[in-house]
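For any residue, its number in this note's numbering is found by taking its place in the sequence shown, counting from 1, and adding 13. Here a beta-carbon is modelled for each residue, glycine too, at the ideal position from N, C-alpha and C. Treat the numbers as computed from the prediction; the structure is a model and nothing was measured. Take a look at the structure set out below.
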Amino acid sequence: MTVLIRKRKPGEVPERKVTPESVYLGRRRLFQAVAAGFGGLASALGAAFSSPAATPAEALRPLPAPRNPKYKVEGREISPESVTAGFNNYYEFTTEKQRVARLAEQFQSRPWQIEVRGLVEKPLKFDVDDLLKRFPLEERVYRMRCVEAWSIVVPWTGFPLAKFVEWAKPTAKAKYLRMLSFLRPGQCPGQREQTWYPWPYYEGLRLDEAMNEVAFLVVGSYGHVLPNQNGSPLRLATPWKYGYKSIKGVTLFEFTDKQPPTFWNTVVPQEYDFLSNVNPAKPHPRWSQATEREVATGKMIPTLPYNGYGEYVAHVYR
Ligand SMILES: Nc1nc2c(c(=O)[nH]1)N[C@H]1C(S)=C(S)[C@@H](COP(=O)(O)O)O[C@H]1N2
Ligand SMILES: [Mo]
Numbered sequence: 014m015t016v017l018i019r020k021r022k023p024g025e026v027p028e029r030k031v032t033p034e035s036v037y038l039g040r041r042r043l044f045q046a047v048a049a050g051f052g053g054l055a056s057a058l059g060a061a062f063s064s065p066a067a068t069p070a071e072a073l074r075p076l077p078a079p080r081n082p083k084y085k086v087e088g089r090e091i092s093p094e095s096v097t098a099g100f101n102n103y104y105e106f107t108t109e110k111q112r113v114a115r116l117a118e119q120f121q122s123r124p125w126q127i128e129v130r131g132l133v134e135k136p137l138k139f140d141v142d143d144l145l146k147r148f149p150l151e152e153r154v155y156r157m158r159c160v161e162a163w164s165i166v167v168p169w170t171g172f173p174l175a176k177f178v179e180w181a182k183p184t185a186k187a188k189y190l191r192m193l194s195f196l197r198p199g200q201c202p203g204q205r206e207q208t209w210y211p212w213p214y215y216e217g218l219r220l221d222e223a224m225n226e227v228a229f230l231v232v233g234s235y236g237h238v239l240p241n242q243n244g245s246p247l248r249l250a251t252p253w254k255y256g257y258k259s260i261k262g263v264t265l266f267e268f269t270d271k272q273p274p275t276f277w278n279t280v281v282p283q284e285y286d287f288l289s290n291v292n293p294a295k296p297h298p299r300w301s302q303a304t305e306r307e308v309a310t311g312k313m314i315p316t317l318p319y320n321g322y323g324e325y326v327a328h329v330y331r
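Printed below as a string of structure tokens:
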């Protein structure tokens, strides 16, 4: 069992083993070219060849929101959506990054019930679309640094987690926020087949982290609702932490007075701690964290302390 787990955790899918990005992009561009030229025939071909990006971005409901100019990503371009929607970690579907989009195609991300409970004035139940109406949406261009040493830059649409927490009204006893994903083995081959994982996926933050201005609840990307493979209809973005803290497909927010367990800390405790702040000076037990591969360009670039968000978050840890 241990051996199995050690073979499957995210860091353990060596980047060498997945299709090199250049090959993948080449195939996709080819597909797009074919699609442009041959219309209907191409969609038939697309089904047969399983095009990696499931729902074409244009088909997703538009979700326009003004970009917040405060959060800038200096010296890096926004990653094309063809990259960020075709290269995913979402173990509920598969551990193969380039197959997530296809396998998530039929996932029913609406309607979507969300619950707030635990140390709150009043437990709540509502639909995700109520959130879209309740909170003014903004766009933030954020870096995302996976613990496996690859990274992307994404324009997320959403609202500050702090606003959500204020609305949820935790009591004075609340010290942590626990978040839980969904359990739908019927729609998720990864949950069906990888039974050794403690589904559903779960994460947590200290309340002071959840209240930090950078912590962002995401309902869209690239100006439209989130594609399934990126965590539709609701995910977290905590860009100063390794990617696995940014839980996708959230169904529950629970306020607690004890530090909640987290998925990867449960599976491989010696490698993934609760805080998991990006730190280039602290190597993963099996690889360096000093640099990262920008998925869109293949370039190796230095990893920044707190993934470049130190000015906003470092004070929390002093
Ligand atoms: N529910 C759930 N959330 C998840 C994961 C997952 O497997 N399941 N993977 C995490 C990891 S390891 C990363 S790097 C990011 C990837 O997000 P992206 O595919 O949108 O780039 O999602 C995180 N959130
Ligand atoms: Mo990750």
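Check: Is the beta carbon of GLU284 within less than 6 angstroms of some heavy atom of ligand 3?; Outcome: Ligand 3 is not part of this structure, which contains only ligand 1 and ligand 2.
Check: Near PRO93, what residues of its chain come up, given a Cβ to Cβ distance below 8 angstroms and the 5 sequence neighbours on each side ignored?; Outcome: ALA309
Check: Report the three-state DSSP secondary structure of ARG147 (helix, strand or coil).; Outcome: helix
Check: Report the three-state DSSP secondary structure of GLN200 (helix, strand or coil).; Outcome: coil
Check: Quick one: what's GLU267 bridged to in DSSP?; Outcome: ARG130 and ARG191
Check: Decide if SER245 is buried, meaning its Cβ has at least 16 other Cβ atoms within 10 Å, or exposed.; Outcome: buried
Check: By Cβ distance below 7 angstroms, which residues in the same chain neighbour LEU145 in space, the five residues on each side in sequence not counted?; Outcome: VAL232
Check: Please state if the CB of PRO213 and the CB of PHE229 are separated by a distance shorter than 7 angstroms.; Outcome: no
Check: Where do the N-terminal and C-terminal ends of the alpha helix (DSSP H) with PHE276 fall, by residue?; Outcome: 276-280
Check: Does DSSP put TRP253 in a helix, in a strand, or in coil?; Outcome: coil
Check: Within 10 angstroms of the Cβ of PRO173, are there 16 or more other Cβ atoms? Answer buried if so, exposed if not.; Outcome: buried
Check: If you draw a straight line from the alpha carbon of GLU109 to that of CYS201, how long is it in whole angstroms?; Outcome: 13 angstroms
Check: How long is the line joining the alpha carbons of VAL166 and LYS188, rounded to whole angstroms?; Outcome: 31 angstroms
Check: So, under 8 angstroms CB-CB, GLY131 and GLU216 are touching, yes? Tell me the CB distance rounded to an integer number of Å.; Outcome: Actually they do not touch by this definition, with Cβ atoms about 15 angstroms apart.
Check: Beta-carbon within less than 8 angstroms of THR304's beta-carbon, same chain only, minus the 5 sequence neighbours each way: which residues are those?; Outcome: ALA162, PRO293, MET313, ILE314, PRO315 and THR316
Check: Look at the Cβ atom of MET157, then the Cβ atom of VAL263, and state whether they are nearer than 7 angstroms.; Outcome: no
Check: Cutting at 6 angstroms between CB atoms, please list the residues of its own chain near LYS182, excluding the five before and the five after it.; Outcome: VAL133 and GLU134
Check: Please name the residue, chosen from ARG248, GLN302 and PHE148, that lies closest to LEU265 on a Cα-to-Cα basis.; Outcome: ARG248
Check: In three-state terms, what does DSSP make of VAL141?; Outcome: helix
Check: Which residue wins for smallest C-alpha separation from VAL329, given the options VAL154, ARG147 and ASN225?; Outcome: ASN225
Check: Give me the Cα-Cα distance between ARG219 and ARG74, rounded to the nearest whole angstrom.; Outcome: 33 angstroms
Check: What's the call for GLU179, buried or exposed, on a 16-neighbour Cβ count within 10 Å?; Outcome: exposed
Check: When DSSP builds the beta bridges, which residues end up paired with GLY244?; Outcome: Answer is none; GLY244 lacks a bridge partner.
Check: On the DSSP bridge assignment, give the partners of SER234 in chain order.; Outcome: TRP169 and HIS237
Check: Excluding five sequence neighbours on each side, which residues of the same chain lie with their C-beta closer than 6 angstroms to the C-beta of GLN45?; Outcome: Here the model assigns GLN45 a pLDDT of 40, short of 50, so the residue's position is not dependable, and the following value carries that caveat. There are no such residues.
Check: Measure from the alpha carbon of ARG153 to the alpha carbon of each residue in VAL141, ASP140, PRO168 and SER164, then state which is nearest.; Outcome: PRO168
Check: So GLU324 is in the alpha helix (DSSP H); what residue range does that whole segment cover?; Outcome: 323-326
Check: From the beta carbon of TYR189, is the nearest beta carbon of chain C less than 7 angstroms away?; Outcome: The displayed structure is made up of one protein chain only, and chain C is not part of it.
Check: Reducing DSSP to helix, strand and coil, say where LEU76 ends up.; Outcome: coil
Check: Hey, could you find the ends of the beta strand (DSSP E) LEU11 is sitting in?; Outcome: With the chain represented from 14 up to 331, any question about residue 11 goes unanswered, as that position is not in the structure.
Check: For PHE106 and GLN119, what's the separation of their Cα atoms in angstroms?; Outcome: 11 angstroms
Check: Using the three-state DSSP reduction, which class does SER164 fall into: helix, strand or coil?; Outcome: strand
Check: With respect to the alpha helix (DSSP H) encompassing ARG115, which residues constitute its N-terminal and C-terminal limits?; Outcome: 113-116
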